[in-house]
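Participant: Residue numbers (my numbering), protein chains in the order written: chain S, 1 to 162; chain P, 1001 to 1162.
Glycine is no exception: its CB is placed at the ideal position from the N, C-alpha and C atoms.
If you're wondering where the values come from, they're calculated on a predicted model, not measured in any experiment.
Got a structure here, written out as structure tokens. Questions coming.
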DNA sequence: CTGGATCCTTCACCAGTGCGAAACAGTCAC
DNA sequence: GTGACTGTTTCGCACTGGTGAAGGATCCAG
């Protein structure tokens, strides 16, 4: 069956809806009416198929878009020193990289303070305060690439797109 | 007419040729024989169309791939003394050429200071500072062809398009 | 609802260090 | 000599990691 996250859009009837989807970066597959010229896709999350079309073709194209969208949705940490998100990247200090790793690994979910702390200082943080201060710094950096670290009081932190 | 840089590949007859094109990162459009399942594209420089197809459709898909490929063009170093990028080129000194090579080979990724240093001075840099100074000079040159060397503190350097 | 405890944010400061940049000098080719 | 290439020194900024402290936010006991 069709991957749920790819939206089918009738072209050119639903061009308004298409603009909306483009703006929010959602993957979309245009169903182009037989006699119409397909529009030029504005990014790699868009594709089109001329209808009537074989159902397998529609699925194949949707299945191509879905993982692309998924990959763009998640940030990545390279070698503990680069934080990538949506074609942007920033350098992280070694400590920040170590803190970011568990947050990226569990993107969108709460990560216990303890886990972040141990990732940065396996032998324990130097000060009770250290984690907070460095989280502040990581926060400011992450914002530069559209990422936000949110606090869940008494639980931990959560990394998400702004 | 068709953008020249997009290669048309008959599928599945020319699958060997496809692997070659994939390896070298060339944009390619698969002409899928009517009864065949299209393969899953391995990157966004690949697309497919089921034949027989409207010529306009083939062109539209090729026209989508071409600019993507153009945006992904990598710089090249010739004979350690010429740096090419997007129809522009500059001369490099032998030392700069040697420094540029690993950066170009790993375009867009972090290259350790050490690697750049050893490429320029296999026996070790003459001074602790030499790499920094020559990197400054390479930087200025690279900017002339739209390339930027970015520093990742305590790690290395990264070459990217401006 | 009120005051305190707890958790967290934010700021200011410090010491150590990596790196940028300029300036200058030596060498070599033409 | 002139200019390109390379080596060397020096200065200083900005980043990093650590620390203390002030204060805000939230929760809870009473």
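Could you name the residues of the same chain whose beta carbon sits closer than 8 Å to that of residue 154 of chain S, not counting the 5 residues immediately before and after it, in chain order?
Facilitator: Counting only Cβ-Cβ distances below 8 Å, and skipping sequence neighbours, we find nothing.
Participant: Mind listing, in chain order, the continuous alpha helix (DSSP H) runs of no fewer than 4 residues lying wholly within the region 1031-1110 of chain P?
Facilitator: List check, alpha helix (DSSP H) in window: 1055-1071, 1094-1105.
Participant: Output, in chain order, the set of chain S residues within a Cβ distance shorter than 8 Å of residue 1064 of chain P.
Facilitator: Going along chain S in sequence order, the residues near residue 1064 of chain P (Cβ under 8 Å) are 40, 41.
Participant: Helix, strand or coil for residue 1112 of chain P per DSSP?
Facilitator: Note: residue 1112 of chain P maps to strand in three-state DSSP.
Participant: Please confirm whether residue 1057 of chain P has its beta-carbon closer than 9 Å to some beta-carbon of chain S.
Facilitator: It does; some Cβ of chain S falls within 9 Å.
Participant: Give me the residue from S:133, S:110, S:15, S:137 with the minimum Cα distance to residue 91 of chain S.
Facilitator: With distances taken between Cα atoms, residue 91 of chain S lies closest to S:137.
Participant: Using the beta-carbon of each residue, which ones in chain P are nearer than 9 Å to residue 71 of chain S?
Facilitator: Within 9 Å Cβ-Cβ: nothing; residue 71 of chain S doesn't reach chain P, min ~10 Å.
Participant: Mark residue 24 of chain S as exposed unless 16 or more other C-beta atoms lie within 10 angstroms of its C-beta, in which case mark it buried.
Facilitator: It counts as exposed.
Participant: I'd like the span of the beta strand (DSSP E) that includes residue 1145 of chain P, first residue to last.
Facilitator: Residue 1145 of chain P -> no beta strand (DSSP E), and no H or E assigned at all.
Participant: Taking its Cβ as the centre, do 16 or more other Cβ atoms sit within 10 Å of residue 1008 of chain P, making it buried, or is it exposed?
Facilitator: Exposed, since its Cβ has fewer than 16 Cβ neighbours within 10 Å.
Participant: What whole-angstrom Cβ distance do residue 43 of chain S and residue 49 of chain S have, given they're in contact under 8 Å?
Facilitator: Not quite, the Cβ-Cβ distance comes to about 17 Å (not below 8 Å), so this is no contact.
Participant: Once you ignore the five residues that flank residue 29 of chain S on each side, which residues in its own chain have a CB closer than 6 Å to its CB?
Facilitator: Around residue 29 of chain S: 6, 8, 47, 61, 62.
Participant: Contact criterion: CB-CB distance below 9 Å. Does residue 96 of chain S meet it with respect to chain P?
Facilitator: No, because no Cβ of chain P sits closer than 9 Å to the Cβ of residue 96 of chain S.
Participant: Return no unless some Cβ of chain S is closer than 9 Å to the Cβ of residue 1087 of chain P.
Facilitator: With 9 Å as the cut-off, residue 1087 of chain P does not count as an interface residue toward chain S.
Participant: I believe residue 119 of chain S touches residue 142 of chain S by the beta-carbon criterion, under 8 Å. Please report the beta-carbon distance rounded to the nearest angstrom.
Facilitator: About 15 Å separates the two Cβ atoms, so there is no contact after all.
Participant: Compute the distance between the beta-carbons of residue 112 of chain S and residue 77 of chain S, then report whether it is under 9 Å.
Facilitator: Not a contact, by the Cβ cut-off of 9 Å.
Participant: Is there a Cβ from chain P that is less than 9 Å from the Cβ of residue 50 of chain S?
Facilitator: At least one chain P Cβ lies under 9 Å of residue 50 of chain S.
Participant: Strictly by DSSP, which residues pair up with residue 161 of chain S?
Facilitator: For residue 161 of chain S, which the question treats as bridged, DSSP gives the partners S:147.
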